Amino acid sequence: MWKLTRFNLTLGSWASWVYGAIFVLTLYEVLMRYAFNAPTIWSLELNLMLVAIGYTIGGLLPTAGKSHLRIDSVYARMPSWARRACDVTANLIGVGYCAAITWAGTAQAWTAIQVGERSGSAWNSWLPVLQKGIIPVAGCLMTLQLLVHLLERDPPVHPTDASP
């Protein structure tokens with residue numbers, strides 16, 4: 240297994256824990272707001288940032304694990320060469336899309352860093368810089384992962400290829 244694939248699987252798995260943190264933060268905010276009448280100014284903004292991170296980095300897991308969506312009832316009935324052609328086509332489209340996201344995201348992240356973009360809320364945090372910085376990082380990792388899938392000489396056998 241490629242080291243990049245292992246890294247992306249690990250990072251994507253760890254990103255799922257972000258949603259546990261979101262749950263705890265939401266629980267804390269509800270408790271503070273309704274039990275103690277002391278709402279926080281930072282909870283919603285931090286939750287939104289964590290959701291963005293979980294969503295962006297979480298995409299690495301299905302990409303690296305080749306568990307993205309497809310119509311399995313059709314895919315399973317295709318001969319192996321047709322499945323491979325579909326996989327190559329999907330990976331090429333994905334490379335183009337993720338490369339474009341990386342390119343556009345890098346420009347936005349760089350601008351956010353240069354101007355010192357802040358949220359403009361009561362908390363006025365630097366979280367927009369972090370959020371915009373994660374997009375090109377995840378896009379680059381996904382682009383590289385899709386290229387790894389294209390370069391694999393012996394792709395893993397799909398369960399429908401196995402003989403009964």
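All you need for our numbering is the position in the sequence shown, starting with 1, plus 239.
Don't be surprised by glycine CBs; every beta carbon is placed ideally from N, CA and C.
From a predicted model like this one, the values you see are computed outputs, not experimental measurements.
Closest Cα partner of residue i within the set the options
i, options, result
"Ala-404", "Met-381, Leu-390 and Glu-391", "Nothing in the structure corresponds to residue 404, since the chain is present only between 240 and 403."
"Val-313", "Cys-325, Gln-370 and Lys-305", "Cys-325"
"Val-327", "Val-376, Gly-298 and Lys-305", "Lys-305"
"Val-368", "Pro-375, Gly-355, Leu-331 and Asn-330", "Gly-355"
"Thr-295", "Ala-254, Asn-363 and Ile-352", "Ala-254"
"Ile-374", "Ile-280, Tyr-267, Tyr-273 and Met-288", "Met-288"
"Cys-379", "Val-269, Leu-270, Ser-282 and Val-334", "Val-334"
"Ser-364", "Ala-377, Ile-261 and Trp-281", "Trp-281"
"Ile-332", "Ala-277, Ala-260, Leu-386 and Val-269", "Leu-386"
Span separating the alpha-carbon of residue i from that of residue j
i, j, result
"Asn-247", "Trp-256", "15 Å"
"Gly-293", "Pro-318", "36 Å"
"Gln-384", "Thr-244", "7 Å"
"Thr-341", "Gly-372", "10 Å"
"Ala-274", "Ala-361", "22 Å"
"Leu-300", "Trp-241", "14 Å"
Rounded Cβ spacing between residue i and residue j (contact assumed at less than 8 Å)
i, j, result
"Leu-390", "Glu-284", "With 8 Å as the limit, Leu-390 and Glu-284 do not qualify as a contact, their Cβ atoms being about 41 Å apart."
Limits of the alpha helix (DSSP H) - the one that residue i falls within
i, result
"Gly-359", "Neither: Gly-359 is in no alpha helix (DSSP H) and is coded neither H nor E."
"Ala-315", "Unbroken run through Ala-315: none, as it is neither H nor E."
"Leu-266", "257–269"
"Ile-296", "282–297"
"Ile-310", "Element bounds for Ile-310: n/a, residue is neither H nor E."
"Phe-246", "242–254"
"Ala-277", "Counting along the chain, Ala-277 falls outside any alpha helix (DSSP H), and DSSP gives it neither H nor E."
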